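Quick note, the sequences are listed as chains A and B, same order. Position one of the first sequence corresponds to residue 990 (this note's numbering), numbered consecutively onward. Position one of the second sequence corresponds to residue 45 (this note's numbering), numbered consecutively onward. Note that the Cβ used here is the ideal one computed from N, Cα and C, for glycine as well. Quick caveat: nothing in here was measured; it's all calculated off a predicted structure. Read the structure below first, then the notes.
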Amino acid sequence: MEGLDSILAEQPFFAALEPELSKIVSGCARNRRFDAGSYIFHEGDDADEFYLIRHGRVALEMVAPGQAPVVFNTLGSGDILGASWLVPPYKWMFDARAVELTRAVGIDAKCLRGKCEADHHLGYEMMKRFLPVFVRRLHATRLQILDVYGKRGK
Amino acid sequence: MTAAFPANAFVPTAYRVIRQRREMRDVATLELSAAAGELPTFAPGQFNMLYAFGVGEVAISVSGDPGNRGRFVHTLRAVGAVSTALARLEAGQMLGLRGPFGTGWPMTAAVGSDLVIIAGGLGLAPLRPALYHLLSHRADYGGITVLYGTRHPRDILYRREIERWRRRLDLDIEITVDHADRAWHGHVGVVPALIPRAAIDPENTFALVCGPEAMMRFTVAGLRDAGLAPERIYLSMERNMKCALGLCGRCQFGPTFICKDGPVMRFDRILQIFATREI
């Protein structure tokens, strides 16, 4: 069976991470499997684990009272699911639902936060990887809210 | 400077609408045949000036098959007086047409290479002739990937054709929408976000991009992140046009004119002005 550190090493997100650091991260990791239609987490839940998606597709949804859930993004292979584990109060701000059978590496957030606090070199390596992901998503969100296709309000 | 234009370049020729298809509430596809004489050939990416009699002219890219010599196909959205009048035309009615004008997609330069075709919204229309060409000369090209983004699943252009293309084994098509409900099982998010998921070999790939300019700016950034050199990225630019011959200056874009130096432009040639406001 493939070890978690070798699974992580294959992921572009962890590319060029020093093997010793990879071992530390994999110490917080476990394999996760989500059937199609199942929820990975709900808005308001504790953000105590985040995910590196290996296969499958995950829909991020928000619900407004009296309205059907709106899907505002989907994530797939190689994507990181979840940022709220990084900042207090560590609560999810949306729902995440597996659209199809999804396999992921789940990383214990409290465990990794603790290790990053104890080893700032690890913390910096993690931040160098997470920050570009979140900046890209911020840019994408800006483009999305511009609503550039066709006439406004149609 | 003497321009080498055909004598009738300013005079519209009469064309008949032989079929009108309603793609969306405000989007129509017109199939046109010449009322007399032969239809001129066109290169994928070129446009025609369509004239709604008594209303005015507007530049619309050709969206049909360059291999079909019998008709011009144009897809347009009703946004102003002219395009609204054109979108209302029905089979049997007439319009005026000048063209084709402008530059085309790099179909010859891309022979032997992979292609990634990235379209946003109605930007799929000017790219469809390139796709027809690629599919009818399939052996001449490497891998072909189409990344298409639109607002909502109900806004997917040429839906039936895309469904047919998706069944092909020699073409990868990914569609993403900006907004969706749970009935949609595809991607949700902007089209540039699909670029890192596509297997792009930057040394051997040409990118053809068409869509709203904001979408193209983000797309170019995504392609550059993927390692594509500016000279391998082609964009179809859009500005209001009048003469379509590079004379009036209406569509001036820095030192170039979109009508004659474009609409398809190689990115390295407009890199310095692409994101400059008011150009």
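Item, Value
"Using C-beta distances below 6 Å, list every residue in its chain close to Arg65(B), excluding the 5 sequence neighbours before and after it, in chain order.", "Thr73"
"Quick one: list the residues of chain A neighbouring Pro307(B), beta-carbon separation under 7 Å, in chain order.", "By Cβ distance, chain A contributes nothing, its closest Cβ being about 18 Å from Pro307(B), past 7 Å."
"Would you mind working out which of Gly1016(A), Met1051(A), Val1122(A) and Arg1131(A) sits nearest Gly1033(A), comparing C-alpha positions?", "Met1051(A)"
"What whole-angstrom Cβ distance do Ala1085(A) and Val1047(A) have, given they're in contact under 8 Å?", "5 Å"
"In chain order, what residues of the same chain lie with their CB nearer than 7 Å to the CB of Gly148(B), ignoring the 5 residues before and after it?", "Ala87, Pro88, Gly89, Gln90 and Val308"
"Could one say the Cβ of Gln1133(A) lies closer than 8 Å to chain B's Cβ atoms, at least one of them?", "yes"
"What is the DSSP secondary structure of Glu75(B), counted as helix, strand or coil?", "strand"
"If you drop the 5 nearest sequence neighbours on each side, which residues of the same chain put their C-beta closer than 6 Å to that of Val1088(A)?", "Arg1046 and Ala1048"
"What three-state label does DSSP hand Gln1133(A) in the structure shown?", "helix"
"Which term fits Ile317(B), buried or exposed, when burial requires 16 or more other beta carbons within 10 angstroms of its beta carbon?", "exposed"
"Use the C-beta contact count for Gly233(B): other C-beta atoms within 10 angstroms, 16 or more gives buried, fewer gives exposed.", "buried"
"Relative to the C-alpha of Ala270(B), which candidate in Ile244(B), Leu179(B) and Arg132(B) has its C-alpha closest?", "Ile244(B)"
"Is the stretch 190-210 of chain B close to the stretch 220-229 of chain B, with three or more CB pairs under 8 Å?", "yes"
"Ordered along the chain, which non-local residues of its own chain (more than five positions away) have a Cβ less than 6 Å from that of Asp216(B)?", "Thr189"
"Is it buried or exposed for Leu141(B), if we count other Cβ within 10 angstroms and need 16 for buried?", "buried"
"Hey, how far is the Cα of Val1014(A) from the Cα of Asp994(A)?", "8 Å"
"Are any of the Cβ atoms in chain B nearer than 8 Å to that of Pro1054(A)?", "no"
"Would you verify that the beta carbon of Phe1083(A) is, or is not, closer than 8 Å to some beta carbon of chain B?", "no"
"Any idea what DSSP makes of Asn52(B), helix, strand or coil?", "coil"
"Name the DSSP bridge partner or partners of Arg1021(A)?", "Ala1093(A)"
"Among residues of its own chain, excluding the 5 on either side of Asp70(B), which ones have a beta-carbon nearer than 6 Å to its beta-carbon?", "Arg121 and Ala122"
"DSSP three-state label for Met45(B), please.", "Its pLDDT being 40, under 50, Met45(B) is placed unreliably by the model, and the measurement read from it follows with that caveat. Reduced to three states, the DSSP call for Met45(B) is coil."
"Can you list, in chain order, the residues of its chain with a C-beta nearer than 6 Å to that of Met990(A)? Leave out the 5 residues immediately preceding and following it.", "Note on Met990(A): pLDDT 45, under 50, position unreliable in the model; the coordinate value appears next. The answer is none, since no qualifying residue turns up."
"So that I know if they touch, is there some Cβ in chain B lying closer than 8 Å to that of Phe1061(A)?", "yes"
"Return the CA-CA distance between Val160(B) and Ala251(B), expressed in angstroms with no decimal places.", "5 Å"
"Does at least one heavy atom of the ligand HEM sit under 7 Å from the Cβ of Ala1025(A)?", "With respect to the ligand HEM, the structure offers nothing, as it holds no ligand at all."
"Nearest by alpha-carbon distance to Phe1039(A): which of Pro1058(A), Pro1001(A) and Lys1099(A) is it?", "Lys1099(A)"
"Listed from N- to C-terminal order along the chain, which residues in the stretch 237-270 of chain B have their beta-carbon within a distance smaller than 7 Å of any beta-carbon of chain A?", "Ala237, Arg241, Pro256, Ala258, Met259 and Phe262"
"Does any residue of chain B have a CB that is nearer than 8 Å to the CB of Tyr1138(A)?", "yes"
"Cβ atoms of Glu75(B) and Arg113(B): under 8 Å apart, would you say?", "no"
"Specify the secondary structure class of Asp109(B) as computed by DSSP and reduced to three states.", "coil"
"Give a yes or no on whether the minimum CB-CB distance between Gly233(B) and chain A is below 8 Å.", "yes"
"Let me confirm a value: Pro150(B) is counted as buried when at least 16 other C-beta atoms fall within 10 Å, else exposed. Which label applies?", "buried"
"Go to Met151(B), then tell me how far its alpha helix (DSSP H) extends in each direction, as first and last residue.", "Premise fails: Met151(B) is in no alpha helix (DSSP H) and is neither H nor E."
"Taking C-beta pairs closer than 7 Å, name the residues in chain A that His229(B) reaches, listed in chain order.", "Val1088"
"With 16 other CB atoms within 10 Å as the buried threshold, where does Cys303(B) fall?", "buried"
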